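In what follows, a single structure is set out as structure tokens and then discussed.
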Amino acid sequence: MSQLDMPIRHTGMWIPHRRLLVLVLNVVTTAPLLWAYFIIVTFWNTLIGLCIVAFGKASKSINPYFEADGPVPELRSKTALTIFMRNEDPEPIFNHLRAMHESLRRVDRLQHFRFVILSDTTIPNVAQKEEEGFSRVRRNLGLGMFRDPVYRRREKNVGFKAGNIKDYLDKHLDGDDFFVPLDSDSAMSGDLLSRMVFSMEKHPRIGLLQTLVVGMPAVSAFTRIYQFGLRHSLRVYNTGFSWWAADCTLYWGHNAIIRKKAFHENCMLPKLPGGPPLGGYILSHELMEAMFASCWLRS
Numbered sequence: 001m002s003q004l005d006m007p008i009r010h011t012g013m014w015i016p017h018r019r020l021l022v023l024v025l026n027v028v029t030t031a032p033l034l035w036a037y038f039i040i041v042t043f044w045n046t047l048i049g050l051c052i053v054a055f056g057k058a059s060k061s062i063n064p065y066f067e068a069d070g071p072v073p074e075l076r077s078k079t080a081l082t083i084f085m086r087n088e089d090p091e092p093i094f095n096h097l098r099a100m101h102e103s104l105r106r107v108d109r110l111q112h113f114r115f116v117i118l119s120d121t122t123i124p125n126v127a128q129k130e131e132e133g134f135s136r137v138r139r140n141l142g143l144g145m146f147r148d149p150v151y152r153r154r155e156k157n158v159g160f161k162a163g164n165i166k167d168y169l170d171k172h173l174d175g176d177d178f179f180v181p182l183d184s185d186s187a188m189s190g191d192l193l194s195r196m197v198f199s200m201e202k203h204p205r206i207g208l209l210q211t212l213v214v215g216m217p218a219v220s221a222f223t224r225i226y227q228f229g230l231r232h233s234l235r236v237y238n239t240g241f242s243w244w245a246a247d248c249t250l251y252w253g254h255n256a257i258i259r260k261k262a263f264h265e266n267c268m269l270p271k272l273p274g275g276p277p278l279g280g281y282i283l284s285h286e287l288m289e290a291m292f293a294s295c296w297l298r299s
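Numbering (full-length UniProt numbering), first residue to last: 1 to 299.
This is the structure:
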């Protein structure tokens, strides 16, 4: 056999391993660059927000449509407080609803609100607990409100949470001017709810008004310290973000007030063609709904 006929042999690392190494090195190099962009945006959002909180007046430069001070405003509209739940212990949820009912009673605005519980629970014993719990609290939760509370459970979780919202709006479009989507661990004060409703009444071009979400006080010391930092950092970050994003800022899918008919007409999400992960129902529904709501504002 001549030297030309001899097979080529590479020494050292195996060729497929070399290619894998180069691929990994590219990913490792690119990831920090992408993460750096996120860090830069976060830094400037926070710095701008800190300057506004310390030296400016957010009520004039960012949210002149929201009146946080003064007496609780008088209302003329009707708002549904919609609670979404799925396969969870319902007792803490009903406790939150009782607290919200009491808070609305203290500001004397119960007559402008009602509760709508929208369940996607599929576990039979959890569904039974939901029904039994609702039957116990139904009468008290309806006291003073413009309509008795509603409990509805879907047999099939079509479209996930966005599908749950669509089903509710398709069947209960009339009777309420606005709705406030709440997660199962959400709670809002009567004062804040009343002021948000007043903002929607006063400014009819607002389709969606998002609040700043913070965690409830926890028990452990570590969690309390974390929550303390989170409350302050989220405030300045979102203030800075809202300063330049304006009506294109975030919607988190809960703890917001939404103009009901406008949302139903403009923000229902399509089912994408094909199978997952690129097809089917949209899971990050709140981002798309916020985009559609922003388009409605400009129409």
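Beta carbons: idealized from backbone N, C-alpha and C, even for Gly. For clarity, every value in this text was computed on a predicted model and none was experimentally measured.
{"Check": "Straight-line gap, residue 52 to residue 230 (C-alpha atoms, nearest Å)", "Outcome": "18 angstroms"}
{"Check": "Beta-carbon gap between residue 80 and residue 176 smaller than 7 angstroms", "Outcome": "yes"}
{"Check": "Opposing strand residues paired with residue 256 [DSSP bridges]", "Outcome": "210"}
{"Check": "Sequence-distant residues of the same chain with beta carbon closer than 6 angstroms to residue 117, five excluded per side", "Outcome": "83, 151"}
{"Check": "Alpha carbon of residue 140 to alpha carbon of residue 272, nearest angstrom", "Outcome": "43 angstroms"}
{"Check": "Cβ pair count under 8 angstroms reaching 3, the region 58 to 69 against the region 237 to 249", "Outcome": "yes"}
{"Check": "Assumed close pair residue 198, residue 260 - CB separation to whole angstroms, cut-off 8 angstroms", "Outcome": "No, residue 198 and residue 260 are not in contact; Cβ-Cβ is about 16 angstroms, not under 8 angstroms."}
{"Check": "Proximity winner among 18, 155, 196, relative to residue 123 (alpha-carbon distances)", "Outcome": "155"}
{"Check": "From 22, 77, 111, 210, residue whose alpha carbon lies closest to that of residue 250", "Outcome": "210"}
{"Check": "Backbone CA spacing between residue 30 and residue 13 [nearest angstrom]", "Outcome": "24 angstroms"}
{"Check": "Selection from 32, 71, 95, 16 that minimises the alpha carbon distance to residue 314", "Outcome": "With the chain represented from 1 up to 299, any question about residue 314 goes unanswered, as that position is not in the structure."}
{"Check": "Residue 206 versus 224, 293, 137, residue with shortest Cα-Cα distance", "Outcome": "293"}
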